[in-house]
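Trainee: Handing you a structure now.
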Amino acid sequence: MPVSWTFDDIPDQRGRTAVVTGASSGLGLVAAGQLAARGATVIMAVRDPAKAEQARAGIAGDLVVRRLDLADLDSVREFAAELRAEGRQVDLLLNNAGIGKPGHERSAQGYESVFATNHLGHFALTGLLLDLFRPDRDPRVVTVGSGFYRLLRGGPDLDDLAGGPDTGPPVAYIRSKQANALFGVELDRRLRRAGSPVRSLLAHPGMARTPMNRQYDNAGEWAVTRIGGLLLARSSESGTVPLLYAATAPTAETGVFHGPPLFRWGNRVHSRPVVAPADDRALAARLWQVSEEATGVRYLEAPTVAAPN
0 MPVSWTFDDI PDQRGRTAVV TGASSGLGLV AAGQLAARGA TVIMAVRDPA KAEQARAGIA
60 GDLVVRRLDL ADLDSVREFA AELRAEGRQV DLLLNNAGIG KPGHERSAQG YESVFATNHL
120 GHFALTGLLL DLFRPDRDPR VVTVGSGFYR LLRGGPDLDD LAGGPDTGPP VAYIRSKQAN
180 ALFGVELDRR LRRAGSPVRS LLAHPGMART PMNRQYDNAG EWAVTRIGGL LLARSSESGT
240 VPLLYAATAP TAETGVFHGP PLFRWGNRVH SRPVVAPADD RALAARLWQV SEEATGVRYL
300 EAPTVAAPN
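All letters in the sequence shown, in the order written, are residues 0 to 308 by numbering that gives the first Met the number 0.
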């Protein structure tokens, strides 16, 4: 059931600390500004601190810039260690940062760069920060996905995290968004099983006009993005609404995908069931195991099942 919701409906955030990845531009910058405007302390987790400092100068509120390169697991560990050394506690983690074009690049640890940035970095970050969440402040992890996750069958290729040369940018991006959706629902299942007060929610901005969507490799991508933008794209502000609904609204539920209406007008948030391949529990469990092995970060272990006699 869609609900009418705007930034004016964000509850008072005073006393809360939010970590927002990718907060130097686009959706992340809008989210950081809106949370800070309502009293939250916002940790802007960014790859380019100088760019983020410039953006922060134009925003009122308590915002702190910290470097985080999600494509480098060493950077993820350093970021988490820095927050821990500062005595920070966390109430909200908004896993927002993402890239869309791999160029067949590899992360610092040798994984395909889009998958490493969009999924593996956030998987590790969540695990490394989980014990910093305060249990009495409505703690939440919000993972930003994309409705495109439904466009390919089968889910991410968990047998080849390095990515082959024949994996084009659209496929790499969609596979990473499938991983985001699988991770979000599996994280919620494991948190519930562990009796944790932390909740895991999923949200997506629809097609929003962000810096990531203004990069083109060829005329075909330009045409698709431009035509799609004219028909469907919304501003970064509008695209951020479902993200902050998932992050702050008392009525936001787990196990569904919070997103905007198909067309850009209106202030409604639609909460739709998660569908294939993100509803595949076996695939989600395998993604979790593969992600643990790739990152070296293990948390919320699944219970072992004794072999039959």
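From the three backbone atoms N, C-alpha and C, an ideal C-beta is built for every residue, glycine too. On a predicted model such as this, the values are computed, not experimentally measured, just so you know.
1) Which runs of the alpha helix (DSSP H), 4 residues or longer, sit entirely within the region 85-140?
2) Between residue 36 and residue 60, is the Cβ-Cβ spacing less than 7 Å?
3) Just the Cα atoms here: how many angstroms apart are residue 275 and residue 257?
4) Rounded to the nearest angstrom, what separates residue 171 and residue 114 at their Cα positions?
5) Looking at the unbroken alpha helix (DSSP H) that takes in residue 242, where does it start and where does it end?
6) For residue 72 and residue 300, I'd like the C-alpha separation in whole angstroms.
7) Kindly indicate which residue of 89, 186, 104 and 237 has the alpha-carbon position closest to the one of residue 134.
8) Please determine if the region 4-15 and the region 76-85 are in contact, where contact requires at least 3 C-beta pairs separated by less than 8 Å.
9) Does the beta-carbon distance from residue 49 to residue 296 come in below 7 Å?
10) Relative to the C-alpha of residue 204, which candidate in 116, 132 and 95 has its C-alpha closest?
11) Return the first residue and the last residue of the alpha helix (DSSP H) that residue 29 is part of.
12) Using the Cα positions of residue 57 and residue 235, report the straight-line distance between them to the nearest angstrom.
13) Considering Cα atoms alone, identify which of 147, 247 and 160 is closest to residue 273.
14) Less than 7 Å between the beta carbons of residue 268 and residue 4, yes or no?
15) Tell me the DSSP bridge mates of residue 257?
16) Pull up the distance between the alpha-carbon of residue 309 and that of residue 294, whole angstroms please.
17) By alpha-carbon positions, which one of 64, 44, 152 and 38 ends up nearest to residue 97?
Mentor: The short version:
1) Listed in chain order, the complete alpha helix (DSSP H) runs (minimum 4 residues) inside the region 85-140 are 120-128.
2) Stepping through the sequence shown from its first residue, residue 36 is reached at position 37. Stepping through the sequence shown from its first residue, residue 60 is reached at position 61. Yes, they are a contact pair.
3) Mapped onto the sequence shown, residue 275 falls at position 276. Mapped onto the sequence shown, residue 257 falls at position 258. For residue 275 and residue 257, the distance between alpha carbons rounds to 16 Å.
4) Locating residue 171 in the sequence shown gives position 172, where the first residue counts as 1. Locating residue 114 in the sequence shown gives position 115, where the first residue counts as 1. CA-to-CA, the gap between residue 171 and residue 114 works out to about 7 Å.
5) As a position in the sequence shown, residue 242 is number 243, starting the count at 1. Unbroken alpha helix (DSSP H) run through residue 242: 235-247.
6) Translated into the one-based positions of the sequence shown, residue 72 becomes position 73. Translated into the one-based positions of the sequence shown, residue 300 becomes position 301. Take the alpha-carbon of residue 72 and the one of residue 300: they are about 20 Å apart.
7) The sequence position of residue 134 within the sequence shown is 135, counting from 1. Restricting attention to 89, 186, 104 and 237, the CA atom closest to the CA of residue 134 is found in 89.
8) No: fewer than three Cβ pairs fall under 8 Å.
9) The residue labelled residue 49 in the question sits at position 50 within the sequence shown. The residue labelled residue 296 in the question sits at position 297 within the sequence shown. When the beta-carbon positions are compared, residue 49 and residue 296 stay at least 7 Å from each other.
10) Residue mapping note: residue 204 aligns to position 205 of the sequence shown, counting from 1. Looking at the Cα atoms, 95 is the closest of the given residues.
11) In the sequence shown, residue 29 corresponds to position 30, counting from 1. Boundaries of the alpha helix (DSSP H) around residue 29: 25-36.
12) Your numbering for residue 57 matches position 58 in the sequence shown. Your numbering for residue 235 matches position 236 in the sequence shown. Roughly 17 Å between the two C-alpha positions.
13) Residue mapping note: residue 273 aligns to position 274 of the sequence shown, counting from 1. Looking at the Cα atoms, 147 is the closest of the given residues.
14) In the sequence shown, counting from the first residue as 1, residue 268 sits at position 269. In the sequence shown, counting from the first residue as 1, residue 4 sits at position 5. Inclusion of residue 268 and residue 4 in the CB contact set at 7 Å is warranted, their separation being smaller than that value.
15) Counting from 1 along the sequence shown, the entry for residue 257 is found at position 258. Beta-bridge pairing links residue 257 to 202 and 270.
16) Any property of residue 309 remains undetermined from this structure, which presents the chain solely from 0 to 308.
17) Locating residue 97 in the sequence shown gives position 98, where the first residue counts as 1. Ranked by how close their Cα comes to the Cα of residue 97, the residues 64, 44, 152 and 38 have 44 in first place.
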